[in-house]
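Worksheet for the structure shown next.
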Amino acid sequence: MKIVRTSFYAAISTQQGILLYKVFYLFLRFILYYIYMIILTPSTWTDYDLLDSGDYKKLERFGPYTVVRPDPQVMWKKNLSESLWKNADAIFERISEDKGIWRFHKKTPQRWTIKYDNLTLLVKLSPFKHTGVFPEQEPHWRFIQNILAKNHNQLNSGVSTARKPSILNLFGYTGISTLITVKSGAKVTHVDASYPAIGWAKENQKLSGLENEPIRWIEDDVIKFCQREVRRGNKYDGIIMDPPAFGHGPKGEVWKFNTSLPTLLSICSQLISDKPLFIIINAYAVSISALSLKNLLQEYFKGLNGYIDFGELALQERSTKRLLSTGIFVKWSK
Ligand SMILES: C[S@@+](CC[C@H](N)C(=O)[O-])C[C@H]1O[C@@H](n2cnc3c(N)ncnc32)[C@H](O)[C@@H]1O
Numbered sequence: 000m001k002i003v004r005t006s007f008y009a010a011i012s013t014q015q016g017i018l019l020y021k022v023f024y025l026f027l028r029f030i031l032y033y034i035y036m037i038i039l040t041p042s043t044w045t046d047y048d049l050l051d052s053g054d055y056k057k058l059e060r061f062g063p064y065t066v067v068r069p070d071p072q073v074m075w076k077k078n079l080s081e082s083l084w085k086n087a088d089a090i091f092e093r094i095s096e097d098k099g100i101w102r103f104h105k106k107t108p109q110r111w112t113i114k115y116d117n118l119t120l121l122v123k124l125s126p127f128k129h130t131g132v133f134p135e136q137e138p139h140w141r142f143i144q145n146i147l148a149k150n151h152n153q154l155n156s157g158v159s160t161a162r163k164p165s166i167l168n169l170f171g172y173t174g175i176s177t178l179i180t181v182k183s184g185a186k187v188t189h190v191d192a193s194y195p196a197i198g199w200a201k202e203n204q205k206l207s208g209l210e211n212e213p214i215r216w217i218e219d220d221v222i223k224f225c226q227r228e229v230r231r232g233n234k235y236d237g238i239i240m241d242p243p244a245f246g247h248g249p250k251g252e253v254w255k256f257n258t259s260l261p262t263l264l265s266i267c268s269q270l271i272s273d274k275p276l277f278i279i280i281n282a283y284a285v286s287i288s289a290l291s292l293k294n295l296l297q298e299y300f301k302g303l304n305g306y307i308d309f310g311e312l313a314l315q316e317r318s319t320k321r322l323l324s325t326g327i328f329v330k331w332s333k
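And the structure:
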C-alpha cells in the first residue's frame, strides 16, 4: 500500500483556505473588540522616516530634509550620534509654551514637497512645530482606502446599490485624508476653521492633480456647521475627525476637547446615513485614553453594528525599532 503524505496546506482547497482565513480573522477581530487596544504604525514610506528620538526631541526625515522637533514623551536617551542631530537641516527651538523658531543649518527651503501614494504634499515648517503632515496617520489613510475599495467593488458587482459615498472630514487641516478619500472614489465635505489651513489643503489638492474631484471646502466652526447640516437633513456615509485639545472657530467659537467632543458626537450621530461605512476619531495630547474614546463612540453611535478598533498610533524609530507613541484613535467600520 502506498502512503501519500499531504501537508495540511496542500490538503485544503483554496476555497476552504479563504474560509479558514475569514474565520480566523473574525475570531481575531472579536478578541480585539472586547479585550485589546492595538498599536498602529505606518507601513514603509520612502518619503518619511523617524530616524531617532531622545532627550525630549525627535529626528525625522521628510523627503530629502531632516528636521528636529521637540516631543515631551521622549524621555529616553538618543541613539544616533550628536553630530547627526546637530547637522539636521532644520531645528525647532521653543521661544514660548506653544511657539518657536526654526534654525536652518544648511540651505534648507522654507517649503518643499513629499510623495505619498501618488499624492504630492507640501511640507512647511510652522511656528507651532507642525509640518502639515502627520505621518503616523498613514494607517488611517490605508483603512479609508481599503474600505472604499471594498465598497467600490460591491458597487461594481451589483451587491450594493449605494451611490458615490459621501464623507465628512472635520478639523481637516491640510487635507491629506480628504485627498485620500476622493482618490478612493468618494466625495468629501472638508471642514476647518482656518483659512490658511484650507489654502494649504487646496495647494495639496492642486499639487496632486485632484482639482476636479468632488470636495466641498468649508471654512467654519465644526459644531456650528454640523448643527446646520442636521437642520438641512444632510447625511454622510463616513465621518473622519481629528479634533485638537483646544481650538477655536472663525468667530472665536471655543473648542475644548473634553467638553466639546460629546456635543459634537451627539450631533454627528444624527448625520450618519443608514448605510454607513466608517467613523474615525483621532486625537493628540488629550487627557483621555483610547479606551474612553471607544466608550464615547459606542455611547453616541449605539445602533451601529460592526467592528471597533481603538488604541494608539505610533511611529517606529529606524535606529532602534522602538515605538514612539503619538496619539490615540478609535475606528468603527461595518
Ligand atoms: C492641526 S489639526 C488636527 C491635528 C491634531 N488633532 C492636533 O491636535 O494637532 C487641528 C485643526 O482643527 C482646526 N480647528 C480647531 N478648532 C476648530 C473649530 N472649532 N472648528 C473647525 N476647525 C477647528 C484647526 O484650524 C486645525 O487645522
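Per numbering that gives the first Met the number 0: the sequence shown ends with 333, consecutive numbering throughout. Idealized CB from N, CA, C, for every residue including glycine.
Task: Rounded distance between the beta-carbons of residue 290 and residue 240, thought under 8 Å - done: Counting from one through the sequence shown, the residue named residue 240 turns up at place 241. Counting from one through the sequence shown, the residue named residue 290 turns up at place 291. Actually they are not in contact, since the Cβ atoms of residue 240 and residue 290 sit about 18 Å apart, beyond 8 Å.
TODO: Starting from residue 66, follow the alpha helix (DSSP H) in both directions and report where the run begins and ends.
DONE: Here residue 66 refers to the residue found at position 67 when the sequence shown is read from its first residue. Premise fails: residue 66 lies in the beta strand (DSSP E), 64-69, not in any alpha helix (DSSP H).
Open item on the list: When you compare the CB positions of residue 310 and residue 37, do they come within less than 8 Å of one another, or not?
Closed with: The count along the sequence shown starts at 1 and reaches residue 310 at position 311. The count along the sequence shown starts at 1 and reaches residue 37 at position 38. Yes.
Open item on the list: Which residues neighbour ligand 1 when neighbourhood means a C-beta less than 5 Å away from any of its non-hydrogen atoms? List them by chain order.
Closed with: 170, 172, 191, 192, 193, 196, 220, 221, 241, 243, 246, 248, 254 and 283
Open item on the list: I'd like to confirm the pairing. Which residues does DSSP put opposite residue 271 in its beta bridges?
Closed with: For the purposes of this step, residue 271 is taken as residue 272 along the sequence shown, with counting starting at 1. DSSP output for residue 271 lists 235 as bridge partner(s).
Task: Nearest-angstrom Cα separation, counted from residue 208 out to residue 151 - done: In the sequence shown, residue 151 corresponds to position 152, counting from 1. In the sequence shown, residue 208 corresponds to position 209, counting from 1. Their backbone Cα atoms lie some 21 Å apart in a straight line.
- [ ] Go ahead and pull the three-state DSSP assignment for residue 23.
- [x] Walking along the sequence shown from the start, residue 23 turns up at place 24. Reduced to three states, the DSSP call for residue 23 is helix.
- [ ] Go through its chain and collect everything with a Cβ distance to residue 318's Cβ below 6 Å, but skip five positions before and after it.
- [x] As a first step, residue 318 must be located in the sequence shown, where it is residue number 319. Same-chain partners within the cutoff: 51, 78 and 79.
- [ ] Output the boundary residues of the beta strand (DSSP E) element that contains residue 59.
- [x] In the sequence shown, the residue the question calls residue 59 occupies position 60. Run containing residue 59: 56-61, per the beta strand (DSSP E) assignment.
Task: C-alpha gap between residue 66 and residue 88, whole angstroms - done: Counting from 1 along the sequence shown, the entry for residue 66 is found at position 67. Counting from 1 along the sequence shown, the entry for residue 88 is found at position 89. Between residue 66 and residue 88, the alpha-carbon positions lie close to 6 Å from each other.
Open item on the list: I'd like to confirm the pairing. Which residues does DSSP put opposite residue 381 in its beta bridges?
Closed with: Shown here, the chain extends from 0 to 333; a query on residue 381 therefore has no answer.
Task: The beta strand (DSSP E) enclosing residue 287, as first and last residue numbers - done: Your numbering for residue 287 matches position 288 in the sequence shown. Unbroken run through residue 287: none, as it is neither H nor E.
Open item on the list: Quick test of the definition: if touching needs 3 or more C-beta pairs under 8 Å, does the region 88-99 touch the region 117-135?
Closed with: yes
TODO: For residue 305, I'd like the list of residues in its chain whose CB is within less than 7 Å of its CB, leaving aside the five on either flank, ordered along the chain.
DONE: On the sequence shown, residue 305 is found 306 positions in, with the first residue counted as 1. 331, 332 and 333, listed in sequence order.
Open item on the list: Restricting to Cα atoms, I'd like to know which of 25, 114, 41 and 61 is closest to residue 107.
Closed with: As a first step, residue 107 must be located in the sequence shown, where it is residue number 108. Checked all of 25, 114, 41 and 61; the closest Cα to residue 107 is 61.
Task: Euclidean distance between Cα positions of residue 255 and residue 15 - done: Taking the sequence shown and counting its residues from 1, one reaches residue 255 at position 256. Taking the sequence shown and counting its residues from 1, one reaches residue 15 at position 16. In this structure, the straight-line span from the alpha carbon of residue 255 to that of residue 15 is close to 51 Å.
Open item on the list: Tell me the rounded alpha-carbon separation between residue 48 and residue 232.
Closed with: Within the sequence shown, residue 48 is the residue found at index 49, counting from 1. Within the sequence shown, residue 232 is the residue found at index 233, counting from 1. Straight-line Cα distance between these residues: approximately 43 Å.
Open item on the list: Quick check: residue 138 and residue 192, are their CB atoms within less than 8 Å of each other?
Closed with: Position 139 of the sequence shown, counting from 1, holds the residue named residue 138. Position 193 of the sequence shown, counting from 1, holds the residue named residue 192. No. Outside cutoff.
Open item on the list: Bridge partners for residue 197 per DSSP, in chain order?
Closed with: On the sequence shown, position 198 is the one that residue 197 refers to. Beta bridge pairing from DSSP links residue 197 with no other residue.
- [ ] Could you name each continuous beta strand (DSSP E) segment of 3 residues or more that falls completely within the region 81-154, going from the start of the chain to the end?
- [x] 89-93, 99-103, 110-115 and 118-123
Open item on the list: So residue 186 and residue 165 are supposed to be a Cβ contact under 8 Å. How far apart are they, rounded?
Closed with: In the sequence shown, residue 186 corresponds to position 187, counting from 1. In the sequence shown, residue 165 corresponds to position 166, counting from 1. Their Cβ separation, rounded to whole angstroms, is 5 Å, which keeps residue 186 and residue 165 in contact under 8 Å.
Open item on the list: Here's a check: name, in chain order, each residue in its chain whose Cβ is nearer than 8 Å to the Cβ of residue 234, leaving out the five neighbours to either side.
Closed with: Taking the first residue of the sequence shown as position 1, residue 234 is located at position 235. For residue 234, where only same-chain residues beyond five positions count, the Cβ hits under 8 Å are 165, 270, 271, 272 and 273.
TODO: Assign residue 176 to buried or exposed, taking buried as 16 or more other Cβ atoms, counted over all protein chains shown, within 10 Å of its Cβ.
DONE: If you number the sequence shown from 1, residue 176 lands on position 177. The residue is buried, with at least 16 neighbouring Cβ atoms inside 10 Å.
- [ ] Measure the CB-CB distance between residue 222 and residue 178 and report whether it falls below 8 Å.
- [x] Here residue 222 is taken as the residue at index 223 of the sequence shown, counted from 1. Here residue 178 is taken as the residue at index 179 of the sequence shown, counted from 1. Cβ atoms of residue 222 and residue 178: not closer than 8 Å.
- [ ] Look up residue 314 in the DSSP assignment and say whether it is helix, strand or coil.
- [x] What you label residue 314 is simply residue 315 of the sequence shown in a count that begins at 1. Note: residue 314 maps to strand in three-state DSSP.
Open item on the list: Tell me which residue opens and which closes the beta strand (DSSP E) that residue 325 is part of.
Closed with: One-based indexing of the sequence shown puts residue 325 at position 326. Segment 322-332, the beta strand (DSSP E) holding residue 325.
- [ ] Leaving out five residues on either side along the sequence, give the residues of the same chain with a beta carbon under 7 Å from the beta carbon of residue 253.
- [x] Here residue 253 is taken as the residue at index 254 of the sequence shown, counted from 1. Answer for residue 253: 247, listed in chain order.
- [ ] Measure the alpha-carbon distance for residue 76 versus residue 135 and round it to whole angstroms.
- [x] For this step, residue 76 is matched to residue 77 along the sequence shown. For this step, residue 135 is matched to residue 136 along the sequence shown. Roughly 22 Å separates the two Cα atoms.
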